[in-house]
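Asks: Chains as they are written, first to last, in the working numbering: chain A, 683 to 812; chain B, 195 to 484.
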Amino acid sequence: MWLLRCWLALLFVFSLGSLADSAADQCKEPLCWQVSPIVCVADKLEQGCEAELRVIWFSDTPRTVCLYLAEQAQRCWQEATSGQWRQQVDWRQGWLSMRQQQQVLLSTELQVLSRQPAKRRRISGAWSIF
Amino acid sequence: MSKLPLKIILLVSLLLGGFAATANTPSCQADDCIAEQKLYLSWAVGYGQRSNPLHGGKKLNLVVLPEIYYYSKYWFFDNGRLGSSLTLSDTTSLSIIGQFNQEKGYFQQWFSGNLLQFEANTLTMPQFSTAMERQAPMQIAISEVSKRPTAFDVGLQLDTVSRGTSWQLAYWTDASRQHHGQYASLGARRGWQSPYGKWQVSAHLHWKSAQLIDTYYGLTALEVPAGQEYQGRDSWQAELRLNWNKPLTERLSVLMLLRYLQFDSAMTDSALVRSDHVTTWFGGVSYRFF
Numbered sequence: 683m684w685l686l687r688c689w690l691a692l693l694f695v696f697s698l699g700s701l702a703d704s705a706a707d708q709c710k711e712p713l714c715w716q717v718s719p720i721v722c723v724a725d726k727l728e729q730g731c732e733a734e735l736r737v738i739w740f741s742d743t744p745r746t747v748c749l750y751l752a753e754q755a756q757r758c759w760q761e762a763t764s765g766q767w768r769q770q771v772d773w774r775q776g777w778l779s780m781r782q783q784q785q786v787l788l789s790t791e792l793q794v795l796s797r798q799p800a801k802r803r804r805i806s807g808a809w810s811i812f
Numbered sequence: 195m196s197k198l199p200l201k202i203i204l205l206v207s208l209l210l211g212g213f214a215a216t217a218n219t220p221s222c223q224a225d226d227c228i229a230e231q232k233l234y235l236s237w238a239v240g241y242g243q244r245s246n247p248l249h250g251g252k253k254l255n256l257v258v259l260p261e262i263y264y265y266s267k268y269w270f271f272d273n274g275r276l277g278s279s280l281t282l283s284d285t286t287s288l289s290i291i292g293q294f295n296q297e298k299g300y301f302q303q304w305f306s307g308n309l310l311q312f313e314a315n316t317l318t319m320p321q322f323s324t325a326m327e328r329q330a331p332m333q334i335a336i337s338e339v340s341k342r343p344t345a346f347d348v349g350l351q352l353d354t355v356s357r358g359t360s361w362q363l364a365y366w367t368d369a370s371r372q373h374h375g376q377y378a379s380l381g382a383r384r385g386w387q388s389p390y391g392k393w394q395v396s397a398h399l400h401w402k403s404a405q406l407i408d409t410y411y412g413l414t415a416l417e418v419p420a421g422q423e424y425q426g427r428d429s430w431q432a433e434l435r436l437n438w439n440k441p442l443t444e445r446l447s448v449l450m451l452l453r454y455l456q457f458d459s460a461m462t463d464s465a466l467v468r469s470d471h472v473t474t475w476f477g478g479v480s481y482r483f484f
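(1) How would you list, in chain order, the residues of chain A whose beta-carbon sits under 7 angstroms from the beta-carbon of N295/B?
(2) Would S718/A pass as a contact of S741/A if the rule is Cβ separation under 9 angstroms?
(3) Below 8 angstroms, how does it come out for the segment 237-256 of chain B and the segment 773-791 of chain A: are there three or more Cβ pairs, yes or no?
(4) Considering Cα atoms alone, identify which of Y234/B, W269/B and I336/B is closest to Y410/B.
(5) Beta-carbon separation of H400/B and Y377/B under 9 angstroms?
(6) Is there a C-beta anywhere in chain A that falls below 9 angstroms from the one on R265/B?
(7) Looking at C-alpha atoms only, which residue of T344/B, L406/B, D353/B and P441/B is the closest neighbour of Q293/B?
(8) On the DSSP bridge assignment, give the partners of D772/A in chain order.
(9) Between which two residues does the beta strand (DSSP E) carrying T367/B extend?
(10) Could one say the Cβ of N246/B lies closer than 9 angstroms to chain A's Cβ atoms, at least one of them?
(11) For the segment 446-465 of chain B, list every residue whose C-beta sits within 9 angstroms of some C-beta in chain A, in sequence order.
(12) Go through the segment 375-425 of chain B residue by residue and report every complete run of the beta strand (DSSP E) that reaches 3 residues or more, in order.
(13) Given a threshold of 16 other Cβ atoms within 10 Å of its Cβ, counted over all protein chains shown, does Q351/B qualify as buried or as exposed?
(14) Where does the unbroken alpha helix (DSSP H) through S279/B begin, and where does it stop?
(15) Which word fits Q456/B, buried or exposed, when buried means at least 16 other C-beta atoms lie within 10 angstroms of its C-beta?
(16) Within the 9 angstroms Cβ cut-off, does A724/A reach chain B?
(17) Are L436/B and W393/B close, meaning C-beta to C-beta below 9 angstroms?
(18) Whole angstroms is fine: what's the gap from E442/B's alpha carbon to L449/B's?
(19) Do F484/B and Y265/B have their C-beta atoms within less than 9 angstroms of each other?
Structure, rendered in structure tokens:
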């Protein structure tokens, strides 16, 4: 069992590393990030959605920044040029942002999609052709 | 002034009293709450009739009835009505809707509004009669008057749900420039389930403008002898519907539909009109394909 855990941990480190490398390669702005996934798929919309969210960020200059989920700080970095974060989150909180002294530098919306189509009410009664 | 307003008030208050007495069911009921982007198609086979209130008008025999509706995110088709809805809140929506005017259906059986209902005039079945038929001093048959137009109307409909009852306010106008009139309706609808099956009852009060009534039920000097002309007036009409169905399997149900429409004197003063009401009934089995 421990062998499997080690293998999975190693795989995760490698995958994060390769993800970070590709994100760094793609970054052409002073500050950029990669958030994945940004969509969580639930069976029913009203049930909400929980999933692991991963964030990787890069900056061309050292920054003191904090990652916020809704209005709650999740993680802060001091004078860093990059950072990684992952956590199981409730998607209904909806809004992820990277802030420097409360100034929003980057943000994205977390969307919840449902496997079942949305429900609505009919505007006519049953057998209204009658 | 006839006794019609009293009838209307009694009918509507009876229904709404019933609604208030059973006000604790959820607002989005199973048969009223549907999935978007899914086609619903059912056919009912059985027998029923719609009476014709006009002199010379034939009863419409009902053998097959369709129920077809599809709601996408932005538009919908629901039993001959095409429209688009704007959601104002969780319980309220405003819709713009187009549909054929239904008055033509009394003049012509193979009218689009009656299109999917089979005619079988050789059959004679008992007909519900809840009021005495009017004895008009003169009678003008459909065949004696000029052809009435087919009109397409566009309307705004506000739907809201309160304590399990769906309330509806609608205003329609003639988009096809045929009758140049308007009509409006205020109604309530409620469904519930009992060990005896699923029930849906609705009550509507309709107002129809003088132009609309005049186009279909007015009589000009070209159509009738001098002195027998009729100029249409604003009309108030009350409608009650009762639907019942008992599911036998997931797709098969037994169903019974009843509808009663009461006219006022603005309709019955026309020599074309024989009866002050229209009754419609149907009983049969339905099968839901999708």
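For every residue, glycine included, the Cβ atom is placed at its ideal position computed from N, Cα and C.
Replies: To lay it out plainly:
(1) Correct list: empty, because the minimum Cβ distance to chain A is about 15 angstroms.
(2) no
(3) no
(4) I336/B
(5) yes
(6) In the sequence as presented, Arg is not what sits at residue 265/B; that position holds Tyr. With 9 angstroms as the cut-off, Y265/B counts as an interface residue toward chain A.
(7) T344/B
(8) E732/A
(9) T359 to D368
(10) no
(11) L449, L451 and R453
(12) 376-388 and 391-402
(13) buried
(14) S279/B -> not in any alpha helix (DSSP H); beta strand (DSSP E) instead, spanning R275 to T281.
(15) buried
(16) no
(17) yes
(18) The residue asked about is misnamed: residue 442/B is Leu in this sequence, not Glu. Their backbone Cα atoms lie some 10 angstroms apart in a straight line.
(19) no
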